Amino acid sequence: MQIGLPICSRYFARLLSIVSRRASLLRRKHSKARAFARTRRMRQIIAGHDSSFKNNDQYEVQNRCLKLQKLG
1288 MQIGLPICSR
1298 YFARLLSIVS
1308 RRASLLRRKH
1318 SKARAFARTR
1328 RMRQIIAGHD
1338 SSFKNNDQYE
1348 VQNRCLKLQK
1358 LG
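Note that the sequence shown covers residues 1288 to 1359 in my numbering.
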């Protein structure tokens, strides 16, 4: 029992490190994708090709300004 325990704990530590590494990689990939989507969306909004706006010009201008302010 005393000999088996270190091997077991080592195995679990290895497994945990693999899982955590994979999770961090996925998270990084996801955040990069989200950032890319955000920049693309901002370009669409600035160019005026964004379909989420209503046809009302005043509404569109207000929305564009608000979104730019939120972005910083």
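Note that beta-carbon positions come from the ideal geometry of N, C-alpha and C, so glycine has one too.
As the structure is a prediction and not an experimental result, all values here were calculated from the model.
How is residue i classed by DSSP in three states: helix, strand or coil?
{"i": "residue 1288", "result": "Bear in mind that the predicted position of residue 1288 carries a pLDDT of just 45, short of 50, making it too unreliable to give a figure here."}
How about residue i and residue j: are their beta carbons less than 9 Å apart?
{"i": "residue 1329", "j": "residue 1302", "result": "no"}
Residue ranges of each beta strand (DSSP E) within the stretch 1297 to 1336, 3 or longer: Counting only runs of 3 or more, we get nothing.
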